[in-house]
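This report concerns only the one structure given below.
Number of protein chains: 2
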Amino acid sequence: MTDALLGEPIDQIDLVELAGVVQAAALARAVSVATAESCTGGLIGHLLTEVAGSSAYYIGGAITYSDALKVASLAVPQETLANHGAVSAQVAVAMAEGARHAFHADVAVAVTGIAGPSGGSAAKPVGLTYVAVADAAGHDVTRYQWAGDRSHNKLATARAGLELLRRRLEG
Amino acid sequence: MTDALLGEPIDQIDLVELAGVVQAAALARAVSVATAESCTGGLIGHLLTEVAGSSAYYIGGAITYSDALKVASLAVPQETLANHGAVSAQVAVAMAEGARHAFHADVAVAVTGIAGPSGGSAAKPVGLTYVAVADAAGHDVTRYQWAGDRSHNKLATARAGLELLRRRLEG
Numbered sequence: 001m002t003d004a005l006l007g008e009p010i011d012q013i014d015l016v017e018l019a020g021v022v023q024a025a026a027l028a029r030a031v032s033v034a035t036a037e038s039c040t041g042g043l044i045g046h047l048l049t050e051v052a053g054s055s056a057y058y059i060g061g062a063i064t065y066s067d068a069l070k071v072a073s074l075a076v077p078q079e080t081l082a083n084h085g086a087v088s089a090q091v092a093v094a095m096a097e098g099a100r101h102a103f104h105a106d107v108a109v110a111v112t113g114i115a116g117p118s119g120g121s122a123a124k125p126v127g128l129t130y131v132a133v134a135d136a137a138g139h140d141v142t143r144y145q146w147a148g149d150r151s152h153n154k155l156a157t158a159r160a161g162l163e164l165l166r167r168r169l170e171g
Numbered sequence: 172m173t174d175a176l177l178g179e180p181i182d183q184i185d186l187v188e189l190a191g192v193v194q195a196a197a198l199a200r201a202v203s204v205a206t207a208e209s210c211t212g213g214l215i216g217h218l219l220t221e222v223a224g225s226s227a228y229y230i231g232g233a234i235t236y237s238d239a240l241k242v243a244s245l246a247v248p249q250e251t252l253a254n255h256g257a258v259s260a261q262v263a264v265a266m267a268e269g270a271r272h273a274f275h276a277d278v279a280v281a282v283t284g285i286a287g288p289s290g291g292s293a294a295k296p297v298g299l300t301y302v303a304v305a306d307a308a309g310h311d312v313t314r315y316q317w318a319g320d321r322s323h324n325k326l327a328t329a330r331a332g333l334e335l336l337r338r339r340l341e342g
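These protein sequence lines are chains V and Y, in that order.
With the working numbering, the residue at position 166 of the first sequence is 166, and numbering never jumps.
With the working numbering, the residue at position 1 of the second sequence is 172, and numbering never jumps.
Here it is as structure tokens:
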């Protein structure tokens, strides 16, 4: 796990370009990809599907905005949610592993965070976000503390998710 | 069912404003909302969650880009997919009904279409899209034939989904 802070504006166009790099990496390795998104609410799936031909590797995924859907759609254990909270490294990893299994994907990326402006606490401030990726060999998870507004934090999280996915695919 | 054609540019900012109207309508009626997205790939969920406070009514949903996920996540019958094709009024309604049940939502909106540039046929050209909404009282479904590029067709579909949802909520 590493920390990162980000403040500069993020352009969706640049993220679509990054999604194109992800697509090329996935197609070159013939792997299928699924997504499990909480705080981004579907933004990562939207970006991946802006690229023509994405249906050749992107099978879809879940938008698990509520805890109930994290359990129902991704089989995140209630115990993990209760013990660590929805915004935690443990839940991010459980979401990624759960998406891989539930959707029969080779690789899955998952994000969970507090986009803001409300929902933060002293222990878990607005902007705190965990991004995880899982494949048959294991998983990676990274912690971020974004400093932007709701919209910026979503874009920053999507970018981090796409980057982690790209590195895992190319890695 | 009605047909509609759309060519003018669509701004995501305007769609976030529409998502705010949906949110106000859902909160006023205390109903929960789920999404089931094929061709938009998560764009509707992204737009809904651009509005602060969306977690008070939006529980999440599924991005069912592949047919396999339409069956696994939304219980769309294999027979419906085989008989009518993934881009059909029947599948759009089955996705909306399936999302309502699978995610225990009061209302669900579903979209399925051919964003392009490939994937079209004489019978089902690029831009053909079905948008459905379902609640305890029944469902609505609308057919569209968009004339834009991939990105435009996704935005037009998201706008149609948000509009259908708004009208159903405002009743």
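Glycine included, every Cβ here is placed at the ideal spot set by N, Cα and C.
Note that the structure is predicted; figures quoted are calculated from it, not measured.
Which of helix, strand or coil DSSP assigns to residue i
i      : result
V:A26  : helix
V:D11  : coil
Y:D320 : coil
V:D106 : coil
V:G171 : coil
Y:A190 : helix
V:E50  : coil
V:I114 : coil
Y:A114 : No answer is possible for residue 114 of chain Y: it lies beyond the span of chain Y, which begins at 172 and ends at 342.
V:T40  : coil
V:A132 : strand
Y:V262 : helix
Y:V242 : helix
Y:T235 : coil
Y:A205 : strand
Y:G290 : coil
Y:G216 : helix
Contacting residues, own chain, Cβ-Cβ under 7 Å from residue i (five flanking each side not counted)
i      : result
V:L164 : V109, V131, V133, D140 and T142
V:Q78  : V71
Y:M172 : Any answer about Y:M172 is weak, because its pLDDT of 37 lies below 50 and its placement is not dependable; what the coordinates show is given next. The answer, listed in chain order, is A260, V312, T313 and R314.
V:A28  : none
Y:A205 : I230, G231, G232, A270, R271, F274, A276 and A279
V:R168 : V107, V133, D135 and D140
Y:V187 : L218, E221 and V222
Selection from the options that minimises the alpha carbon distance to residue i
i      : options                           : result
V:A26  : V:L15, V:V87 and V:A56            : V:A56
Y:D185 : Y:A265, Y:I215 and Y:T300         : Y:I215
V:E37  : V:H104, V:S73, V:A28 and V:G20    : V:S73
Y:L299 : Y:L252, Y:V278, Y:A201 and Y:A327 : Y:A327
V:A158 : Y:G191, Y:A195 and Y:H217         : Y:H217
Y:L219 : Y:Y236, Y:A190 and Y:I230         : Y:A190
Y:Q261 : Y:A270, Y:T251 and Y:D238         : Y:T251
V:P9   : V:N83, V:T112, V:G53 and V:A147   : V:A147
V:Y65  : Y:G232, Y:G332, Y:V247 and Y:A253 : Y:G232
V:V76  : V:G53, V:S54, V:H101 and V:S32    : V:H101
Y:T283 : Y:H275, Y:A263 and Y:E268         : Y:A263
Y:F274 : Y:S203, Y:Q183, Y:L333 and Y:V187 : Y:S203
V:A123 : V:D11, V:H84 and V:A34            : V:H84
V:Q23  : V:D106, V:S54 and V:D11           : V:S54
Burial state of residue i, where buried means 16 or more other Cβ atoms lie within 10 Å
i      : result
Y:S292 : exposed
V:D135 : buried
Y:N324 : buried
V:S118 : exposed
V:P86  : Per the sequence presented here, residue 86 of chain V reads as Ala, with Pro not at that position. The residue is buried, with at least 16 neighbouring Cβ atoms inside 10 Å.
V:A94  : buried
Y:E221 : buried
V:E170 : exposed
Y:R337 : buried
Y:G309 : exposed
V:A160 : buried
Close-in-space but distant-in-sequence residues of the same chain around residue i (CB under 6 Å, 5 per side omitted)
i      : result
V:G42  : I63
Y:A286 : C210, R321, N324 and K325
Y:A201 : none
Y:V192 : R337
V:D67  : L81 and A86
V:E97  : A134
Residue i: CB within 7 Å of a non-hydrogen atom of the ligand NAD
i     : result
V:L15 : The ligand NAD is not part of the structure shown, which contains no ligands of any sort.
Same chain, Cβ closer than 8 Å to residue i, neighbours up to 5 away in sequence not counted
i      : result
Y:P182 : First, the amino acid is wrong: residue 182 of chain Y is Asp here, not Pro. Here the set comprises nothing.
- Message: Against chain Y, which members of the stretch 42 to 65 of chain V pass a CB distance test of less than 9 Å?
- Response: Cβ contacts with chain Y: G42, L43, I44, G45, H46, L47, L48, T49, E50, V51, A52, G53, S54, S55, Y58, I59, G60, G61, A62, I63, T64 and Y65.
- Query: Closer than 8 Å, Cβ to any Cβ of chain Y: which residues of the stretch 107 to 135 of chain V, in chain order?
  - Reply: Going along the stretch 107 to 135 of chain V in chain order, one finds A115, G116, P117, S118 and G119 with a Cβ nearer than 8 Å to chain Y.
- If contact means a Cβ-Cβ distance below 9 Å, which residues of the stretch 235 to 262 of chain Y contact chain V? From the stretch 235 to 262 of chain Y, only T235, Y236, S237, A239, L240, K241, A243 and S244 have a Cβ closer than 9 Å to chain V.
- Message: Taking beta-carbon pairs under 8 Å, can you tell me which members of the stretch 305 to 332 of chain Y lie near chain V?
- Response: For the stretch 305 to 332 of chain Y, the residues whose beta carbon sits under 8 Å from a beta carbon of chain V are, in order, R321, S322 and K325.
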